[in-house]
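What follows is one structure encoded as structure tokens, with my remarks underneath.
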Amino acid sequence: MPDVDFTAADSPALAACAASLARYAEPLLRSVAGRWLRLRTQWTAEELRERLQEALANPVAVDRTLKSLSPAARRLLRLMAIGLQTEWRLRALADLLAVVDPGEGIAAVRELLEAGFLYPQLAGRTSQLTSIATWLNQAPGQPLSVVVVPLAAVRARGEDLGLTSLPHDDLATATPQEADGFEWLLRLAVAWQFVREGPLRRTQQGGLFKRDLDRLQGHPLLSTAPAESIGAVPSPEMLAVALAKAEGVLHFEPEEIRAGELPDSWEDGLGTALLSLWSAWTGVDGWDPQRGGENGGASPAAVATLIVAALAEVPDGAWVRAGHVDAWLEAVPDVAEEAGTSFLLGIGHQLRLVQATRHRNAWWVRLGPVGRAVASLSNRVTLDRPTFEQTLLVQPNLEILLYRQGLTPPLLARLTRFAEWQTLGLACTLRLTADSVYRGLESGETLNDIVRLLERHGTRAISETVLGSLRSWASKRERVLVYPSAVLLEFRSEEELDRALRQGAVEQKVSDRIGLISSEDRIDYAQFRLVGTRDYLAVDERCVEVNGDGLTVTVNEHKSDLLLTSELRRFAEPLPATGTDDRPRYRMTPATLAAARTQGWDTKALNTWFLRRSGDALSATAKLLLAGNEAPASRLEQMTVLRVPTAELADGIVAWAETRDLIRERLAPTLMAVGSDDVETLLARLASLGVRVEPG
Amino acid sequence: MSRTHGQTRYAVKLHRRVVLVLTEDAMLAEELLARKKLAQEIAGRLSDRALLVRPGRVEAVVEELQNMGQTPQVVGRS
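Just so you know, the protein sequences line up as chains A and B, in that order. Each step along the first sequence adds one to the number in my numbering, with nothing skipped, and position 318 is 339. Each step along the second sequence adds one to the number in my numbering, with nothing skipped, and position 9 is 719.
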């Protein structure tokens, strides 16, 4: 959302200034703070920052420090306030200074940075900033931006800009043409619907994927010329996206562009909405009134700001020939030949900044009420409200015919939420569809709200056909309810749940023992005693124990959740309650584990589940039942076992070279397996040592 | 159930932040469960028309319901 209230104490621009200050090295910080405060040596850097930030929002401190600036620096501040923009490209400021401080380059920018009225945009920088000059030296290699202290910009309003006067004429017989100001509000609404249907995917360079770019450029409403156009607006679809981004209507994420929210400023009427759009326009990067999406040349934001400032110097009511504005702009470096005319008759006229008239085969312009409000740094403008509310006609074929004469921004926003824009013109059309109404209902409208709005602004009563469709679509939405964050209460018995339901302690019955409450703050804890709590976004609780048989699972009901039962039933079967306690028990059997395997529950998955739910791995017994058939084949053998009286004797037999190869396996400390073919040999060799062996 | 100062208090277990789908009737719940992509997001069935969704999968469920042509009402979305 554009930052249009320059006097707000919580302005985002002030936060941006503070973020930059946090990266200032201490000597630079002390130097800047010295322009605003009487420094005390005992103040730490942190204290200095805090005091300076307070001063930046203090009108008395701002006024006092403004006096220490050169007139050129104060003029630049005033122009930034006219642009209603707190973040500016360095290039745009250079273009502004070419007119108000010719021949001095960006000296005034440097002065404002050193005096703490401007702050470098340092997003992404990790190292400390030691000097303004070092930062400015990067300008030829990369586009730099600065943030202005908003209160300082607005309090420089009295500064004479010293602009060369534009030739003007009263044109007593002229008939002013003024746009209704809705064109770009409508286009933003269409852009919002368009992106809501499907996000626009971005390339790594930040552009759009070709398919999405083609889709945008081929859009039947966004890519066509505005209805009230008296001058061309190239690539209007790209401007709509850029303005929508600045207004927060579209969110630019790293990989795609998604629909945001329709601007709050629309609720305050057309004047506020247009001021916000002006601020959005001066914040647009990468769109030019003459070249559209191509970059290069003078800053369009600076050119537009200078034009508004220059027209404001003309006496009220006087007209200026558009061609004279082009000539007046020649002081701006690299400015296109008809930059003034392009802005004035294009976006300037459509944003209702200027009124236009044809006189002697030429276009003449003057500021309208919105333009004058911008130039006078007033963040409020009152425009005449429509004298009638009945401005639309809902036809039985579900098409809405809308006459712009009675349109207001709040009405536009509401219609955009539940009806699809079909055509834009002096009379626009929208269509009610099942999908558009569903989306409207999902955005918070109710069926009654929609019907009331259409009746209030309709020139005729809504037909039964339309009402029937609306009711049918709305009722279809009741068929499936999704609770993203429900609160469920699990009762001990169905009788208790039913009783609580009758008392209103629970809103809805979900199952025989489970009731639903739509939000946690509606729980009356005086009526409940909690025997357990489970948060489904928290880590799983260990809530089962495996019995000694490795197959029986006992549930700890105080810690278990609703997911547990359905998980358990996938590989175990419930056991009847025993007399010892009433804790639920489940048992894994060959049949249940075989069924689990067919559903993808292999040893690994079950092992993970048991570690998560019990803290121990899957038992060996369960593994035997589950995957015993996967083990290599076992062999049943007959062999003779030699039992010796001591382990030491066994050690000797296993180690002596004459007997070592005759022992097939040592089964235990005093037990050894002997192959049947080797028994006689072993007995003979042990006898040679005098070791006695008795038959078993 | 216990009594405190004459008032009945129900012993309950509280389940917070549960993702739940409630259908108009049991047949619709069956229809949803028959949809493979949706079924894999369902962790369990609490009753014939109440389906328990795996935590964190609400957006996927709503999207799949819309793909099915349903118009789910998302209740209390923050």
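Here a beta-carbon is modelled for each residue, glycine too, at the ideal position from N, C-alpha and C. None of these values were measured; they are calculated from a predicted model.
Asked                                                                                                                    : Found
Members of the segment 717-748 of chain B near chain A, C-beta cut-off 8 Å                                               : Q717, T718, R719, Y720, A721, V722, K723, L724, H725, R726, R727, V728, V729, L730, V731, L732, T733, E734, L738, L742
Bounding residues of the beta strand (DSSP E) (the contiguous stretch that carries F549(A))                              : 549-556
7 Å CB neighbourhood of N209(A) in its chain, flanking five on each side removed                                         : Before going on, a small fix: residue 209(A) reads as Leu here, not Asn. Cβ neighbours of L209(A) beyond the five flanking positions: A261, L264, A265, E268, V270.
Bounding residues of the beta strand (DSSP E) (the contiguous stretch that carries M660(A))                              : Unbroken run through M660(A): none, as it is neither H nor E.
At least 3 beta-carbon pairs within less than 8 Å: the segment 361-374 of chain A vs the segment 317-336 of chain A      : yes
Start and end residues, beta strand (DSSP E) containing V576(A)                                                          : 573-576
Within 8 Å, strictly: CB atoms of F718(A) and L488(A)                                                                    : With chain A covering only 22 through 717, there is no way to say anything about residue 718(A).
Among T437(A), M101(A), L614(A), K644(A), the one whose alpha carbon lies nearest that of I421(A)                        : T437(A)
Bridge-paired residues (DSSP) for L692(A)                                                                                : R664(A), A689(A)
Given 8 Å, three or more beta-carbon pairs between the segment 494-506 of chain A and the segment 452-460 of chain A     : yes
Spatial neighbours of L433(A) in its chain, beta-carbon cut-off 8 Å, leaving aside the 5 residues before and after       : F203, L206, L207, A210, W287
Segment contact flag, the segment 234-249 of chain A with the segment 177-190 of chain A, C-beta cutoff 8 Å, min 3 pairs : no
Min CB distance E499(A) to chain B below 8 Å                                                                             : yes
Cutoff 8 Å: Q783(B) Cβ touching any chain A Cβ                                                                           : yes
Cβ-based neighbour list, A102(A), same chain, cut-off 7 Å, excluding 5 preceding and 5 following                         : F27, A174, V175, A177, R178, L398
Spatial neighbours of I471(A) in its chain, beta-carbon cut-off 6 Å, leaving aside the 5 residues before and after       : F439
Proximity to I674(A) [Cα-Cα], best of A694(A), P197(A), L657(A), Q659(A)                                                 : A694(A)
Closer than 8 Å to chain A by CB, Q780(B)                                                                                : yes
Straight-line gap, R222(A) to T412(A) (C-alpha atoms, nearest Å)                                                         : 37 Å
Rounded C-alpha distance that separates V722(B) from L614(A)                                                             : 33 Å
Cβ neighbour criterion (16 or more within 10 Å) applied to Q63(A)                                                        : exposed
Cβ-based neighbour list, L42(A), same chain, cut-off 6 Å, excluding 5 preceding and 5 following                          : R70
Among L692(A), Q106(A), D603(A), nearest to P666(A) - alpha-carbon criterion                                             : L692(A)
contact_flag[the segment 185-200 of chain A, the segment 148-166 of chain A] where n(CB pairs < 8 Å) is 3 or more        : no
Residues that H189(A) bridges to, as DSSP identifies them                                                                : DSSP, once it has assigned bridges, lists no residue as partnering H189(A).
V121(A) versus W442(A) - alpha carbon distance                                                                           : 44 Å
Residue environment, V391(A), which counts as buried when at least 16 other CB atoms sit within 10 Å                     : buried
Any chain B beta carbon closer than 8 Å to G553(A)                                                                       : yes
Residues bridged to A280(A) (per DSSP)                                                                                   : L271(A)
Of the residues R590(A), G553(A), L242(A), the one placed nearest C449(A), counting alpha carbons only                   : L242(A)
Counted within 10 angstroms of its Cβ, other Cβ atoms place S10(A) as buried (16 or more) or exposed                     : Outside the shown range of chain A (22 to 717) lies residue 10(A), about which nothing can therefore be said.
Contact under 8 Å by Cβ, Q780(B) with V501(A)                                                                            : yes
Reference V356(A); option with closest CA among A319(A), L298(A), D337(A), T362(A)                                       : A319(A)
Short CB-CB distance (under 8 Å) between A760(B) and chain A                                                             : yes
Supposed close pair P597(A), L646(A) - CB separation, criterion 8 Å                                                      : The pair is not a contact, with the Cβ atoms about 21 Å apart (cut-off 8 Å).
Buried or exposed by the 16-neighbour rule on C-beta atoms within 10 Å, applied to Y546(A)                               : exposed
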